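Counting in our numbering, the sequence shown runs from 10 upward without gaps.
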Amino acid sequence: MVDAGLIVLASFISPFQIERESAKETIGPERFFEVFVDTPLSVAEQRDPTGLYKKARRGELKNFTGAIPPYEVPVLPDIRIDSTSSSTLDAAGQIIRHLLERGIIR
């Protein structure tokens with residue numbers, strides 16, 4: 010889809026720096042932007058409407074990424090969104106500004 014000129018957003022928890030670097034190499038550093046939505050684990054657990062964090066804590070979900078360490082915090086993400094102080098609209102604005110600055114959109 011990137012080769013067709015589309016902007017592709019992929020949202021997932023990637024706990025290891027090496028995995029993120031691999032994705033960057035595959036996609037190409039000029040077309041890959043790492044967005045780190047920085048949310049403390051306690052806040053993520055509070056916001057969890059599905060109860061998955063509670064299940065992970067009880068051992069019902071093995072290797073639940075984010076709840077069970079390790080998680081390597083991105084060293085130099087292109088964008089860091091502090092979800093405890095940014096609204097969804099603010100976060101979207103950060104991403105749009107980044108795309109504008111990089112000339113991806115006008």
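Idealized CB from N, CA, C, for every residue including glycine. Bear in mind that the values here come from a model prediction, so they are computed numbers and not experimental data.
C-beta contact flag for residue i and residue j at 8 Å
| i | j | result |
| --- | --- | --- |
| arginine 29 | proline 83 | yes |
| isoleucine 90 | phenylalanine 45 | yes |
| threonine 74 | proline 24 | yes |
| isoleucine 105 | phenylalanine 42 | no |
| threonine 48 | serine 92 | yes |
Spatial distance of residue i from residue j (CA atoms)
| i | j | result |
| --- | --- | --- |
| glutamate 69 | leucine 50 | 18 Å |
| valine 11 | glycine 112 | 15 Å |
| isoleucine 22 | lysine 64 | 18 Å |
| isoleucine 114 | alanine 101 | 14 Å |
| glutamine 55 | isoleucine 16 | 32 Å |
| glutamate 110 | arginine 67 | 45 Å |
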